[in-house]
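For reference, the structure discussed in these notes is given below.
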Amino acid sequence: MMVFWAIFSLVVGVVVAVVASVLLGRTERAASGAYNPQALSVIGSALLSSFILVTAFLIAGTWSTYNTDRQHTYDEARSATTAYWLAGKLPVADRDRVRGELTTYVNQVISRDWPAMGGHQTSDEANATLDGLRADVGAIRPADAAAEKKRADLAAALDDIYSKRLIRAADVNYDMPKVLYVALIIAAILLIGYPPLVGLTANGRNVVLLAGLGAMVGLGIFIVMALSHPYGEPLRIQPSAFRHALERFAQING
Numbered sequence: 129m130m131v132f133w134a135i136f137s138l139v140v141g142v143v144v145a146v147v148a149s150v151l152l153g154r155t156e157r158a159a160s161g162a163y164n165p166q167a168l169s170v171i172g173s174a175l176l177s178s179f180i181l182v183t184a185f186l187i188a189g190t191w192s193t194y195n196t197d198r199q200h201t202y203d204e205a206r207s208a209t210t211a212y213w214l215a216g217k218l219p220v221a222d223r224d225r226v227r228g229e230l231t232t233y234v235n236q237v238i239s240r241d242w243p244a245m246g247g248h249q250t251s252d253e254a255n256a257t258l259d260g261l262r263a264d265v266g267a268i269r270p271a272d273a274a275a276e277k278k279r280a281d282l283a284a285a286l287d288d289i290y291s292k293r294l295i296r297a298a299d300v301n302y303d304m305p306k307v308l309y310v311a312l313i314i315a316a317i318l319l320i321g322y323p324p325l326v327g328l329t330a331n332g333r334n335v336v337l338l339a340g341l342g343a344m345v346g347l348g349i350f351i352v353m354a355l356s357h358p359y360g361e362p363l364r365i366q367p368s369a370f371r372h373a374l375e376r377f378a379q380i381n382g
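If you use our numbering, the sequence shown corresponds to residues 129 to 382, in order.
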């Protein structure tokens, strides 16, 4: 899927560049070559700098957000593993019930949450499971102070999972300001359309060169758009952290 979208972005950039070159490179100005080289050089440099500035800012910002979102999934999975281990200190019946519900929750995060997060949502089913688990631990009546300490530690770990789940839910709905994407598209169009507008003739060599520029511009836009949606295709964050948590559950049981 990622390869498809990358190729698609390249093709779109090439098509836009070729069409612009053919349509705009046959004007009277293009044929006569009447222009001011110094002024056009300044304008061309400004357009290129504008595109580079906006693209670099968006790639840096979205890449940072992408890595932060991925780290948040590992933080939540680590808290789930801690809670699973702490549940082992409870009496056998409570231990097995809590561990079973924790396993159910993690499985629901993988199977329910992840598909929903692609649509900027989270799973109500996983939410309900975690809420029920916290309620069950809160209802445990320890026999003494030592047992209460163990229950309280587990409850705190579950609260930590809940807090980190809220952070992940917020990550799903975060996006860069829309005006930056508008600026990126405008800068890309001006950058590709500028050469034929100021006199680049539509011969084979020039069309090929402009097509290469269009391909790189299209690829830059693809990277920005892909990184802007960490839980959507084609560069979606995978639930690897929670799969590792399930492996750790099995190891703890062993």
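Glycine is no exception: its CB is placed at the ideal position from the N, C-alpha and C atoms. Here the structure is a predicted model, which is why all the values come from computation and not from measurement.
Checklist entry - Which residues in the same chain as Asp288 place their Cβ atom closer than 7 Å to its Cβ, once the five residues preceding and following it in sequence are excluded? => result Ser207
Next on the checklist: Just to confirm, is the Cβ distance from Gly141 to Gly346 under 7 Å?
Outcome noted: yes
Item to check | Simplified DSSP assignment, three categories, for Tyr309 | outcome: helix
Checklist entry - With distances taken from CA atoms, which of Arg296, Tyr202, Leu282, Arg225 is nearest Met245? => result Arg296
Checklist entry - Can you list the alpha helix (DSSP H) stretches of 4 or more residues lying completely in the stretch 283-347, in chain order? => result 306-325
Checklist entry - Just to confirm, are Asp203 and Lys292 a CB contact at a threshold of 7 Å? => result yes
Item to check | Span separating the alpha-carbon of Ile180 from that of Thr232 | outcome: 47 Å
Checklist entry - What is the DSSP secondary structure of Leu151, reduced to helix, strand or coil? => result helix
Next on the checklist: Going by DSSP in three states, His200 sits in which element: helix, strand or coil?
Outcome noted: helix
Item to check | Collapsed DSSP secondary structure at Leu218 in the structure displayed | outcome: coil
Checklist entry - Smallest Cα separation from Thr218: which of Gly228, Gly260, Leu282, Asp303? => result One point to set straight first is that residue 218 is Leu, not Thr, in the sequence displayed. When only C-alpha atoms are compared, the closest one is Leu282.
Item to check | Nearest-angstrom beta carbon gap, Val300 and Arg279 [assumed within contact, 8 Å] | outcome: Incorrect: roughly 32 Å between the Cβ atoms, too far for contact.
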